[in-house]
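Colleague:
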Amino acid sequence: MLFCMAPALAQNGPAQGTLAQVKARGHLVCGVSGGVAGFSIPDSQGQWRGLDVDFCRALAAAIFDDPAKVRFIPQSSAARFTALQSGEIDVLSRNTTWTLSRDTAAMNFPVITFYDGQGFLVRKSLNIASVKQLDRATICLQQGTTTELNLADWFRTRGLTYKVVTFANSEQTLGAYESGRCDAYSTDKSSLYGERLKTAHPDEHVILDEAISKEPFAPGIRQGDDPWRDLVAWTHYAMIDAEEAGISQANVEEMRRSALSPDVKRILGLEGKYGEGLGLTTDWAYRIIRHVGNYGDSFERNVGAQTPLKIPRGLNALWNQGGLQYGPPIR
Amino acid sequence: MQRFIRVDLVASRAPPAAVGGPLGWMRRNLFSSLANGLTTLLILGLLAWALPIALRFLVLDAVWTGASGDACRPEVAGRPVGACWAFIADKINYLAYGSYPAAERWRPNLAVALLALAAGWMLWLGAPRRDLGALFAFVAFPVCAYLLLAGAPSLGLPSVATGLWGGFLVTMVVAVVGIVVSLPLGILLALGRRSTLPVVRVLSTAFIEFWRGVPLITVLFMANVMLPLFLPGDITVDRLLRPLVGIALFASAYMAEVVRGGLQTVPKGQQEAAAALGLSQAQSLRLVVLPQALKVALPGIVNTIIGLFKDTTLVSIVGISDFIRVLEASRADPRWSAATIPATAYAFAALVYFTVCFGMARYAGFIERRLAAGERR
Numbered sequence: 000m001l002f003c004m005a006p007a008l009a010q011n012g013p014a015q016g017t018l019a020q021v022k023a024r025g026h027l028v029c030g031v032s033g034g035v036a037g038f039s040i041p042d043s044q045g046q047w048r049g050l051d052v053d054f055c056r057a058l059a060a061a062i063f064d065d066p067a068k069v070r071f072i073p074q075s076s077a078a079r080f081t082a083l084q085s086g087e088i089d090v091l092s093r094n095t096t097w098t099l100s101r102d103t104a105a106m107n108f109p110v111i112t113f114y115d116g117q118g119f120l121v122r123k124s125l126n127i128a129s130v131k132q133l134d135r136a137t138i139c140l141q142q143g144t145t146t147e148l149n150l151a152d153w154f155r156t157r158g159l160t161y162k163v164v165t166f167a168n169s170e171q172t173l174g175a176y177e178s179g180r181c182d183a184y185s186t187d188k189s190s191l192y193g194e195r196l197k198t199a200h201p202d203e204h205v206i207l208d209e210a211i212s213k214e215p216f217a218p219g220i221r222q223g224d225d226p227w228r229d230l231v232a233w234t235h236y237a238m239i240d241a242e243e244a245g246i247s248q249a250n251v252e253e254m255r256r257s258a259l260s261p262d263v264k265r266i267l268g269l270e271g272k273y274g275e276g277l278g279l280t281t282d283w284a285y286r287i288i289r290h291v292g293n294y295g296d297s298f299e300r301n302v303g304a305q306t307p308l309k310i311p312r313g314l315n316a317l318w319n320q321g322g323l324q325y326g327p328p329i330r
Numbered sequence: 000m001q002r003f004i005r006v007d008l009v010a011s012r013a014p015p016a017a018v019g020g021p022l023g024w025m026r027r028n029l030f031s032s033l034a035n036g037l038t039t040l041l042i043l044g045l046l047a048w049a050l051p052i053a054l055r056f057l058v059l060d061a062v063w064t065g066a067s068g069d070a071c072r073p074e075v076a077g078r079p080v081g082a083c084w085a086f087i088a089d090k091i092n093y094l095a096y097g098s099y100p101a102a103e104r105w106r107p108n109l110a111v112a113l114l115a116l117a118a119g120w121m122l123w124l125g126a127p128r129r130d131l132g133a134l135f136a137f138v139a140f141p142v143c144a145y146l147l148l149a150g151a152p153s154l155g156l157p158s159v160a161t162g163l164w165g166g167f168l169v170t171m172v173v174a175v176v177g178i179v180v181s182l183p184l185g186i187l188l189a190l191g192r193r194s195t196l197p198v199v200r201v202l203s204t205a206f207i208e209f210w211r212g213v214p215l216i217t218v219l220f221m222a223n224v225m226l227p228l229f230l231p232g233d234i235t236v237d238r239l240l241r242p243l244v245g246i247a248l249f250a251s252a253y254m255a256e257v258v259r260g261g262l263q264t265v266p267k268g269q270q271e272a273a274a275a276l277g278l279s280q281a282q283s284l285r286l287v288v289l290p291q292a293l294k295v296a297l298p299g300i301v302n303t304i305i306g307l308f309k310d311t312t313l314v315s316i317v318g319i320s321d322f323i324r325v326l327e328a329s330r331a332d333p334r335w336s337a338a339t340i341p342a343t344a345y346a347f348a349a350l351v352y353f354t355v356c357f358g359m360a361r362y363a364g365f366i367e368r369r370l371a372a373g374e375r376r
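Listed in order, the protein sequences are those of chains U and D.
The opening residue of the first sequence carries number 0 in numbering that gives the first Met the number 0; numbering runs sequentially from there.
The opening residue of the second sequence carries number 0 in numbering that gives the first Met the number 0; numbering runs sequentially from there.
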């Protein structure tokens, strides 16, 4: 009975828009995972860091001109959607895959912030370059995830055989892979980079380039709040457009002083009043870049080549550099 | 006249080797029968196998200093690597305080010092003015601790949202609140359940049976996942407070049953005798019944408290950054990814929980022996 009543009661939750609530409250409440390397994880001082964290900081920077005005609540994968429905969090920035069933279940995914896919970790010594070479291989997986279904679909449609061994958590899965029980370890590629680091000899393992599924990570919001949806989407677009226009956290002040290109002027709020349509000030995108940086800044800082994870840009490169990150124009 | 009374003592002789000395002790305690002897040998064998492994991992091969997980990789260290204590050293502030702002961490420290003072005052039986101590521990301390931890802008202490609390601090808050609330509430409920007033009895019984009938994990899920769905959007109850209330009520129900067990061992004659002496019902409870009942119930009470302390780890599942949760988050840090990090983290957690629980058990043992002094002749 509780579960039947819950959605009905939840509907009378947000009487005013999320943006108005956030402004009145004085801080954003952001649901994160709380333990995924590079995406959302507290550092040794207890400061939250990661791509998903930076996205919420960018939102807070755009709204309050202060990236610290955000509270992070770690959400388990089981409770994350309920937390959003109940209004406990304003936005769910928690490496969540955007799917049709989730989108239609009283949620919205305004924009894809990270393109991921299910990949494979294999030993270098196996000399495997493609997933197809994993025919008749034994593959280690974590229980209760969609990875098993993806794997079955992919191998069956290609007429390949494989054997699956599943484990309760990532520790056991990695342990089994390391001890040689399986030829490959399969999960989201973004997680595999972190898993590889946990092995005794990271250099002896390699992550295959191929992905057998589409896992577009998107921030989730409650359905039916279009102004908030716009703001969440355009926060990401601003970070991408800034990167495309060459505006980074390092040069944003200089660009603001000496900008000539109308594109740059519009992004930095020197021309037009584009922020007002979002319910913000004209310098909203400038605030994001100044406090958090553009998409590339955030990517490099959290998961890029300078970090232990060393995740390649791949699909997350800008559209004009062979990736999929494409921001509509700010004008 | 001949005297047959011996005036000097016979020189004492050593006991036979089979009875006295270390050999005799071993014979009495370790090898008193064939089965016992075999058990002893088996256990000695197990220890001889396990201790060197543990010692090598925890101490001899351990890495004590280092700035990142690389220091704990065998190929970097150039030797087999055991526990990576450098990881714990780097994360110790986060493990202790969570995201509590660094500039304000003196406040939890002061609160813990006050807790130690309150606990010491209450638990040291020879302390002066223990009545003042009780007042301090149950009235002044909770107020001070709350003001210190949550902050009071009017007193110049910036407020710190409970979402920033974490680590061992949160584990202590949950455990201390659980214990401080459940003990008195449990006693009241136990008395209520034995009351002759039907309303009090039925309500107490219903409360106890309800809370004992649901698993703690569902209580926590109800508190942190479902409850916000039932409240109107503009009413929010603090995220830490919700599981705190749940755990306190849950522990109270268990405590009530333990205390009721103690109450039932006090013969009715005791109460009748107290009444015959002219003691009021409250006096008879306070002076005659409860002291005897709590003495009997003490092992059960301590059992419940230790169980409660360990159950606090469940709050990590509903998004509260308790000690286990921050340990898990620290473990995922890519900067500190080495093969022995998980084992190090869990060894440290085991050490912390064991120290606290063993300390409580030892104190309870001391109190039990003291209370049982009357039965030892």
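All residues carry an ideal CB built from backbone N, CA and C; glycine is no exception.
The structure presented is a predicted model; accordingly, all values stated were derived computationally and were not measured.
#1: If contact means a Cβ-Cβ distance below 9 Å, which residues of the region 236-260 of chain D contact chain U?
#2: Please compile the residues from chain U whose C-beta is within a distance smaller than 7 Å of the C-beta of residue 334 of chain D.
#3: Give me the Cα-Cα distance between residue 105 of chain U and residue 126 of chain U, rounded to the nearest whole angstrom.
#4: Give every residue of the same chain whose Cβ lies closer than 6 Å to the Cβ of residue 135 of chain U, excluding the five residues on either side of it in the sequence, and list them in chain order.
#5: Which whole-angstrom value is the C-beta distance of residue 164 of chain U and residue 175 of chain U, which I expect to be below 8 Å?
#6: Taking the C-alpha atoms as reference points, what is the distance between residue 174 of chain D and residue 216 of chain U?
#7: Tell me, please, whether the CB atom of residue 22 of chain U is closer than 9 Å to any CB atom in chain C?
#8: With a cut-off of 9 Å, does the C-beta of residue 309 of chain D fall near any C-beta of chain U?
#9: Can you check DSSP and say which residues form a bridge with residue 318 of chain U?
#10: Rounded to whole angstroms, what is the Cα-Cα separation between residue 203 of chain U and residue 120 of chain U?
#11: Checking the sheet assignment: what are the DSSP bridge partners for residue 321 of chain D?
#12: If the criterion is Cβ atoms closer than 9 Å, does the pair residue 93 of chain U and residue 32 of chain U meet it?
#13: Does any CB atom of chain D fall closer than 9 Å to the CB of residue 90 of chain U?
#14: In terms of alpha-carbon separation, which member of D:320, D:283, D:364 lies closest to residue 408 of chain D?
#15: Roughly how many whole angstroms lie between the Cα atoms of residue 254 of chain U and residue 291 of chain U?
#16: Within 9 Å of any Cβ in chain D, is that where the Cβ of residue 46 of chain U sits?
#17: Between residue 75 of chain U and chain D, is the shortest Cβ-Cβ distance under 9 Å, so that the two count as touching?
#18: With a threshold of 8 Å on Cβ separation, who are the neighbours of residue 239 of chain U within its own chain once the five nearest residues in sequence on each side are excluded?
#19: Should residue 259 of chain D go down as buried or exposed, given a rule of 16 or more other Cβ atoms within 10 Å for buried?
#20: Please report the residue range of the beta strand (DSSP E) in which residue 117 of chain U lies.
#21: Between the region 140-150 of chain U and the region 270-281 of chain U, can you find at least three pairs of beta-carbon atoms closer than 8 Å?
#22: Can you list the residues of chain U that residue 145 of chain D reaches, using a CB-CB cut of under 7 Å?
#23: Using a C-beta to C-beta distance shorter than 9 Å, which residues of chain D count as neighbours of residue 82 of chain U?
#24: Distance check for residue 179 of chain U and residue 198 of chain U, CA to CA, integer angstroms please.
#25: So, for residue 272 of chain D: in the same chain, excluding its five sequence neighbours on each side, which residues have a beta-carbon less than 8 Å away from its beta-carbon?
#26: Under the rule that 16 or more other beta-carbon atoms within 10 Å means buried, what is residue 13 of chain D, buried or exposed?
#27: What's the gap between the Cα of residue 2 of chain U and the Cα of residue 80 of chain U?
#28: Name the residue from U:139, U:188, U:189 whose alpha carbon lies nearest to the alpha carbon of residue 181 of chain U.
#29: Among U:256, U:251, U:122, U:280, which residue has its Cα nearest to the Cα of residue 296 of chain U?
#30: Expressed to the nearest angstrom, what Euclidean distance is found between the alpha-carbon atoms of residue 103 of chain U and residue 84 of chain D?
#31: I'd like to know if residue 41 of chain U contacts chain D, where contact means its C-beta is closer than 9 Å to some C-beta of that chain.
#32: What residue range is occupied by the uninterrupted alpha helix (DSSP H) comprising residue 139 of chain U?
#33: Which of the three DSSP states is assigned to residue 192 of chain U in this structure?
#34: Can you list, in chain order, the residues of the region 78-99 of chain D whose Cβ is nearer than 8 Å to any Cβ on chain U?
#35: With 9 Å as the C-beta to C-beta threshold (strictly closer), list the residues of the region 156-188 of chain D near chain U in chain order.
Modeller: Reading off the structure:
#1: 238
#2: For the purposes of this step, residue 334 of chain D is identified with residue 335 of the second sequence, where counting begins at 1. In chain order: 307.
#3: Start at 1 with the first residue of the first sequence, and residue 105 of chain U comes out as number 106. Start at 1 with the first residue of the first sequence, and residue 126 of chain U comes out as number 127. Residue 105 of chain U and residue 126 of chain U: Cα-Cα distance of roughly 46 Å.
#4: Position 136 of the first sequence, counting from 1, holds the residue named residue 135 of chain U. When the five nearest sequence neighbours on each side are left out, the beta carbons in the same chain lying within less than 6 Å of the beta carbon of residue 135 of chain U are those of 160, in order along the chain.
#5: Residue mapping note: residue 164 of chain U aligns to position 165 of the first sequence, counting from 1. Residue mapping note: residue 175 of chain U aligns to position 176 of the first sequence, counting from 1. With 8 Å as the limit, residue 164 of chain U and residue 175 of chain U qualify as a contact, their Cβ atoms being about 6 Å apart.
#6: Residue mapping note: residue 174 of chain D aligns to position 175 of the second sequence, counting from 1. Residue mapping note: residue 216 of chain U aligns to position 217 of the first sequence, counting from 1. Roughly 38 Å separates the two Cα atoms.
#7: Given the protein chain composition of this structure (U and D), no chain C is represented.
#8: Counting from 1 along the second sequence, the entry for residue 309 of chain D is found at position 310. It does not; no Cβ of chain U falls within 9 Å.
#9: Residue numbering aside, residue 318 of chain U sits at position 319 when the first sequence is read from its first letter. Bridge partners of residue 318 of chain U: none, in fact.
#10: Numbered from its first residue, the first sequence carries residue 203 of chain U at position 204. Numbered from its first residue, the first sequence carries residue 120 of chain U at position 121. The alpha-carbon atoms of residue 203 of chain U and residue 120 of chain U are separated by roughly 10 Å.
#11: Position 322 of the second sequence, counted from the start, is the residue given in the question as residue 321 of chain D. Beta-bridge pairing links residue 321 of chain D to D:166.
#12: One-based indexing of the first sequence puts residue 93 of chain U at position 94. One-based indexing of the first sequence puts residue 32 of chain U at position 33. Contact flag set, yes.
#13: Within the first sequence, residue 90 of chain U is the residue found at index 91, counting from 1. No, residue 90 of chain U lies away from the interface with chain D (no Cβ there is under 9 Å from its Cβ).
#14: The displayed coordinates of chain D run from 0 to 376. Any statement about residue 408 of chain D would go beyond what the structure contains.
#15: Position 255 of the first sequence, counted from the start, is the residue given in the question as residue 254 of chain U. Position 292 of the first sequence, counted from the start, is the residue given in the question as residue 291 of chain U. Answer to the nearest angstrom: the Cα atoms are 16 Å apart.
#16: Translated into the one-based positions of the first sequence, residue 46 of chain U becomes position 47. Yes, because at least one Cβ of chain D sits closer than 9 Å to the Cβ of residue 46 of chain U.
#17: Sequence index remark: in the first sequence, residue 75 of chain U carries index 76 (1-based). Closer than 9 Å to some Cβ of chain D, the Cβ of residue 75 of chain U qualifies, so yes.
#18: Indexing the first sequence from 1 puts residue 239 of chain U at position 240. Only 293, 294, 317, 324, 325, 326 meet the Cβ criterion.
#19: Along the second sequence, read from residue 1 onward, the residue named residue 259 of chain D stands at position 260. When all chains shown are included, residue 259 of chain D counts as buried.
#20: To locate residue 117 of chain U, count along the first sequence from 1; it is residue 118. It spans 117-122 - the beta strand (DSSP E) in which residue 117 of chain U sits, taken as one unbroken run.
#21: no
#22: Along the second sequence, one-based indexing puts residue 145 of chain D at 146. Result: empty, since nearest Cβ-Cβ is about 20 Å, beyond 7 Å.
#23: Position 83 of the first sequence, counted from the start, is the residue given in the question as residue 82 of chain U. Correct list: 223, 224, 227, 318.
#24: On the first sequence, position 199 is the one that residue 198 of chain U refers to. On the first sequence, position 180 is the one that residue 179 of chain U refers to. Roughly 12 Å separates the two Cα atoms.
#25: Walking along the second sequence from the start, residue 272 of chain D turns up at place 273. Taking C-beta separations shorter than 8 Å and ignoring five residues to either side along the sequence, the partners of residue 272 of chain D in its chain run 287, following chain order.
#26: Reading the second sequence from its first residue, position 14 is the one you call residue 13 of chain D. Residue 13 of chain D comes out exposed.
#27: For the purposes of this step, residue 2 of chain U is identified with residue 3 of the first sequence, where counting begins at 1. For the purposes of this step, residue 80 of chain U is identified with residue 81 of the first sequence, where counting begins at 1. Any reading at residue 2 of chain U must be qualified, since the residue scores a pLDDT of 42, below 50, and its modelled position is unreliable; the value itself is stated next. Looking at the two C-alpha atoms, the distance is approximately 13 Å.
#28: As a position in the first sequence, residue 181 of chain U is number 182, starting the count at 1. The shortest Cα separation from residue 181 of chain U among U:139, U:188, U:189 belongs to U:139.
#29: Taking the first residue of the first sequence as 1, we reach residue 296 of chain U at position 297. Minimum Cα distance to residue 296 of chain U is reached at U:251.
#30: Your numbering for residue 103 of chain U matches position 104 in the first sequence. Your numbering for residue 84 of chain D matches position 85 in the second sequence. The straight-line gap from Cα to Cα measures roughly 48 Å.
#31: In the first sequence, residue 41 of chain U corresponds to position 42, counting from 1. Chain D, which has a Cβ nearer than 9 Å to the Cβ of residue 41 of chain U, makes this yes.
#32: Locating residue 139 of chain U in the first sequence gives position 140, counting from the first residue. Segment 136-141 is the beta strand (DSSP E) holding residue 139 of chain U; no alpha helix (DSSP H) there.
#33: Here residue 192 of chain U is taken as the residue at index 193 of the first sequence, counted from 1. Three-state result, residue 192 of chain U: helix.
#34: 89, 90, 92, 93, 96, 97, 98, 99
#35: Shown in chain order are the members of the region 156-188 of chain D whose Cβ falls below 9 Å from a Cβ of chain U: 160, 162, 163, 165, 166.
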